[in-house]
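Only one structure is covered here, and it is reproduced in the block below.
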Amino acid sequence: KECRQLAYGDEGKKRSNPYVKTYLLPDKSRQGKRKTTIKRNTINPLYNELLKYEISQSLLLTRTLQFSVWHHDRFGRNTFLGEVEVPLDAWNFENHLEEFLPLHGKIGADAAGLHQYKGELVVSMKYIPSSKHSGTGNGRKGKTGEG
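Each residue of the sequence shown is one higher than the one before, starting from 1 at the first, in full-length UniProt numbering.
Now the structure itself:
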């Protein structure tokens, strides 16, 4: 939905062009990646975008959703701004309220970065089970649900 109080991606110019990238861990492949649009010149970007994954309810209990926020640099490398990981087995999907998740340094890097505040990410998530029947009536099993 949005980020608040992000660090500047370009400290010298005091600007940030942030976007959010997600992975449904442990899958770090390109197929498992989703991204928001880039918001220009803001440390408080508003996205209101929908990022979808197709996953069975049984797999949901074994996955973690990783959110990472990046500054888009047109001429150089993109700059990491912060991340948070949400184990989906602990998420209350019945609650459709927005959750405020504090961003921190890269997980697995140094312990100091893990506790350093990097702004926050505001999200809401819901699980929609795919329908059992595709409704085509041809007797074949089809892949249903939204990706």
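Ideal Cβ positions, reconstructed from N, Cα and C, are used throughout, including at glycine.
Tell me, to the nearest whole angstrom, how far the beta carbon of residue i is from that of residue j; I am working on the premise that it is less than 8 angstroms.
i	j	result
Glu54	Thr37	Wrong, their Cβ atoms sit about 22 angstroms apart, outside the cutoff.
Leu61	Asp89	4 angstroms
Leu103	Lys118	4 angstroms
If you draw a straight line from the C-alpha of residue i to the C-alpha of residue j, how long is it?
i	j	result
Ser130	Glu98	23 angstroms
Gln66	Leu6	17 angstroms
Leu81	Lys13	16 angstroms
Trp91	Val123	12 angstroms
His71	Gln57	33 angstroms
Gly139	Gln31	Bear in mind that the predicted position of Gly139 carries a pLDDT of just 36, short of 50, making it unreliable; the figure below should be weighed with that in mind. Going from the Cα of Gly139 to the Cα of Gln31 covers about 30 angstroms.
Tyr8	Glu94	35 angstroms
Opposite residue i in the DSSP bridges: which residues?
i	result
Trp91	Paired residues: none, contrary to the question.
Leu121	Cys3, Leu101
Contiguous alpha helix (DSSP H) assignments of at least 4 residues, all confined to the UniProt domain "C2" (1-101)
57-60
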